[in-house]
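**Student:** Mapping to our numbering: the sequence shown position 46 is 546, numbers consecutive.
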Amino acid sequence: MLRTYVLIALIFSFNFSYSQGDKNLYKQYRTGPDPDNFYHVWNYSFYGKLNILNSDQDYTKHSIGKGGGFLVQRLNSKTFGWSTGIEFNEINYRYEGVLENSIDKTNWLGIPISIRLYPSRRYFIELGFKFHYFLNAKNSIISNSETKSLKYPKEAFKNTFGAFITAQYQIWKRLNIGFQYQYLKGRNVNPSEIQPSIFNGLSFKVGAFIKNPSKRPN
501 MLRTYVLIAL
511 IFSFNFSYSQ
521 GDKNLYKQYR
531 TGPDPDNFYH
541 VWNYSFYGKL
551 NILNSDQDYT
561 KHSIGKGGGF
571 LVQRLNSKTF
581 GWSTGIEFNE
591 INYRYEGVLE
601 NSIDKTNWLG
611 IPISIRLYPS
621 RRYFIELGFK
631 FHYFLNAKNS
641 IISNSETKSL
651 KYPKEAFKNT
661 FGAFITAQYQ
671 IWKRLNIGFQ
681 YQYLKGRNVN
691 PSEIQPSIFN
701 GLSFKVGAFI
711 KNPSKRPN
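#1: Name the residue from L684, E626, V598 and R594 whose alpha carbon lies nearest to the alpha carbon of K561.
#2: For S614, which residues from the same chain have a beta carbon less than 7 Å from its beta carbon, with the 5 sequence-adjacent residues on both sides left out?
#3: Buried or exposed: which applies to W672, given that a residue is buried once 16 or more other Cβ atoms fall within 10 Å of its Cβ?
#4: Indicate the three-state DSSP secondary structure (helix, strand or coil) for R716 in the structure shown.
#5: Out of S703, F704, I698 and N718, which one is the CA nearest neighbour of D556?
#6: Less than 8 Å between the beta carbons of L571 and H632, yes or no?
#7: I'd like the list of long-range same chain contacts for E596, defined as Cβ closer than 6 Å, with 5 residues on each side in sequence excluded.
#8: By DSSP, does L609 sit in helix, in strand, or in coil?
#9: Determine whether the Cβ of Y618 lies closer than 8 Å to any Cβ atom of chain B.
#10: What are the start and end residues of the beta strand (DSSP E) that includes A656?
#11: Measuring only the C-alpha atoms, how far is N639 from F538?
#12: Confirm, please, whether the CB-CB distance from L550 to F704 is below 8 Å.
#13: Between the C-alpha atoms of N700 and Y681, what's the straight-line distance to the nearest angstrom?
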């Protein structure tokens with residue numbers, strides 16, 4: 501009879517342990533392989549964002565612009581990796597007290613390069629540099645005296661380079677949201693002109709990974 505009770509107890513104990521799953525067992529006893537120790541070496545993401553950037557001049561005020569891009573992420577471990585890609589950005593700002601309080605709308609093509617730190621699977625911090633290639637710009641009301649167009653001449657702005665920091669959180673499956681601060685500086689083409697060459701501010705990002713970071717690779 502005692503052997504029967506012992507056998508039943510062993511079977512019950514085995515079934516209970518199995519039903520907990522590897523993850524709970526690892527948390528309790530720290531033995532065996534960590535079931536959470538996986539990551540996608542390569543992943544890809546698309547994102548859109550709202551830019552609230554301004555120049556460094558006291559006669560301008562931020563105005564909302566939009567942006568979007570595509571990124572490639574490469575992880576060296578579950579907690580560390582890097583990312584690069586390409587993005588489009590609008591940087592808009594309003595003049596105050598000059599140029600009839602008009603708005604400049606500038607368009608840029610950006611190439612970000614960064615490292616990513618994952619304190620948890622759902623959250624990462626990103627630090628990097630960004631090169632901004634100037635595409636075009638126009639003013640809301642002031643026209644070019646030569647072309648009679650609202651667009652600025654190509655030489656009115658130069659490419660910019662700067663740093664950025666991002667905090668991003670995965671809210672559901674592949675979907676993530678985050679905030680980014682960036683500082684971009686270009687060469688002042690003509691010091692006598694009032695068009696700025698330094699920009700900084702925040703962006704709100706909404707993106708989606710191609711592969712679900714919380715799902716084990718096949």
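From the three backbone atoms N, C-alpha and C, an ideal C-beta is built for every residue, glycine too. Just so you know, these numbers come straight off a predicted model, no measurement behind them.
**Tutor:** In short, the structure shows the following:
#1: Counting from one through the sequence shown, the residue named residue 561 turns up at place 61. Selected option, being the one with the closest Cα: R594.
#2: Within the sequence shown, the letter at position 114 stands for residue 614. So the qualifying residues of the chain are W582, S583, E626, L627 and G628.
#3: Counted from its first residue, the sequence shown places residue 672 at position 172. Its Cβ having fewer than 16 others within 10 Å, W672 is exposed.
#4: Counting from one through the sequence shown, the residue named residue 716 turns up at place 216. Assigned with DSSP and collapsed to three states, R716 falls in coil, not helix or strand.
#5: By 1-based counting over the sequence shown, the position of residue 556 is 56. Of S703, F704, I698 and N718, the residue nearest in Cα terms is I698.
#6: Translated into the one-based positions of the sequence shown, residue 571 becomes position 71. Translated into the one-based positions of the sequence shown, residue 632 becomes position 132. Contact flag unset, no.
#7: As a first step, residue 596 must be located in the sequence shown, where it is residue number 96. Y559 and K561, listed in sequence order.
#8: Stepping through the sequence shown from its first residue, residue 609 is reached at position 109. Reduced to three states, the DSSP call for L609 is strand.
#9: The structure shown contains no chain B, having only a single protein chain.
#10: Within the sequence shown, the letter at position 156 stands for residue 656. That residue, A656, is in no beta strand (DSSP E); it is neither H nor E in DSSP.
#11: Mapped onto the sequence shown, residue 639 falls at position 139. Mapped onto the sequence shown, residue 538 falls at position 38. One Cα belongs to N639, the other to F538, and the distance between them is close to 50 Å.
#12: Sequence index remark: in the sequence shown, residue 704 carries index 204 (1-based). Sequence index remark: in the sequence shown, residue 550 carries index 50 (1-based). A contact, by the Cβ cut-off of 8 Å.
#13: Here residue 700 refers to the residue found at position 200 of the sequence shown. Here residue 681 refers to the residue found at position 181 of the sequence shown. It is roughly 7 Å from the alpha-carbon of N700 to the alpha-carbon of Y681.
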